[in-house]
Amino acid sequence: MINKNSPIPIYYQLEQEIRRMIEKELSPGDMLPSERDFSEKYDISRMTVRQAIANLVKEGLIYRQKGRGTFVAERKFEQDLSGLSSFSEDMKKRGLTPSNKLISFKTITGDPSLSSKLKIDLESEIYKIKRIRLANDEPVALETIYTPKAIVGQIEAQDITTSFYDYIEKKLNLKIAYGTQTIEASLARGDEIDYLNIKKGKPVLVMRRISFLHDEQETPIEYVKSAYRSDKYKFIIQMKRD
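Written out as structure tokens, the structure is:
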């Protein structure tokens, strides 16, 4: 498995071998062989083994427990950014059960920033829906949706127990055309700590998205801010060179 005559660094070859083990042979929580075991099996230095393991720890694929060993980490949920899909749709594609826990549900007015994003008058009512997104009952993201009441009409709490996109497209018969989205790293604080069961200062991925309807005006239908647990979630995108 390790070719010492290859121009590829030995530590990187070992990284790839450990990745293969995680993918094919091991499950989250399983213990990896020790540094000594890897060193003896492949006749390489422990320093080389240590470098490979350290790189995988940084990547979040494995983790160390002092005095116990190195273990396979829980696999992160992946969201493909090549298309516009809801959290519920993403989880179902992975064979997981999505659910929501509603935190607050109210109407607000008078926010210049939100009114500008949604292209509505300052006095127009906006639904503010705050909820926890769960996968197999495990909290993954804290989400706040802002949507114009004039477009979506009267909404009840039970209407948003599942996918908000389902409600828009199946209940209101509106079609979502596209969205613009930004993602940035941040440190957990406030509600993110409480509702996502993470410690203060832990990294989160903050996603902000505006979705637009398929109409002549390209009407904004929602502005969403979501904080994802970085230990549970990652975003991927395929890019083509013209």
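Just so we're on the same page, the numbering used here is the position in the sequence shown counted from 1, plus 56.
Ideal Cβ placement from N, Cα and C applies to all residues, glycine included.
These figures come from a predicted structure and were not determined experimentally.
{"Item": "Top-ranked residue by Cα proximity to R265, from R187, S242, T203, V208", "Value": "T203"}
{"Item": "Own chain residues within Cβ distance below 7 Å of S286, not counting five before or after", "Value": "P259, V260, L261"}
{"Item": "Same chain, Cβ closer than 7 Å to N229, neighbours up to 5 away in sequence not counted", "Value": "none"}
{"Item": "The stretch 124 to 131 touching the stretch 154 to 170, judged by at least three CB pairs closer than 8 Å", "Value": "no"}
{"Item": "Inter-stretch contact (C-beta, 8 Å, three-pair minimum) for the stretch 148 to 159 and the stretch 117 to 124", "Value": "no"}
{"Item": "Exposure of P84, with buried meaning 16 or more beta-carbon neighbours within 10 Å", "Value": "exposed"}
{"Item": "8 Å Cβ cutoff met for F143 and A197", "Value": "yes"}
{"Item": "A206 - containing alpha helix (DSSP H), residue span", "Value": "205 to 208"}
{"Item": "At least 3 beta-carbon pairs within less than 8 Å: the stretch 175 to 182 vs the stretch 228 to 248", "Value": "no"}
{"Item": "Any beta strand (DSSP E) of 3 or more consecutive residues that is wholly inside the stretch 84 to 145", "Value": "118 to 121, 125 to 128, 133 to 136"}
{"Item": "Continuous alpha helix (DSSP H) assignments of at least 4 residues falling wholly in the stretch 180 to 261", "Value": "205 to 208, 247 to 252"}
{"Item": "Inter-residue CB distance, E115 and V105 (contact presumed, cutoff 8 Å)", "Value": "Contact doesn't hold; Cβ gap of about 16 Å is too wide."}
{"Item": "Proximity of S155 and D193 at Cβ, strictly below 8 Å", "Value": "yes"}
{"Item": "Option nearest M87 by Cα separation, candidates I185, G123, I254, P65", "Value": "G123"}
{"Item": "C-beta contact flag for I64 and A108 at 8 Å", "Value": "no"}
{"Item": "Distance CB(K205)-CB(T163) smaller than 8 Å", "Value": "yes"}
{"Item": "Nearest neighbour of Y67, chosen from A110, I293, V208 [CA to CA]", "Value": "A110"}
{"Item": "Nearest-angstrom Cα separation, counted from I293 out to I239", "Value": "12 Å"}
{"Item": "Beta-carbon proximity check, Y251 vs I201, cutoff 8 Å", "Value": "no"}
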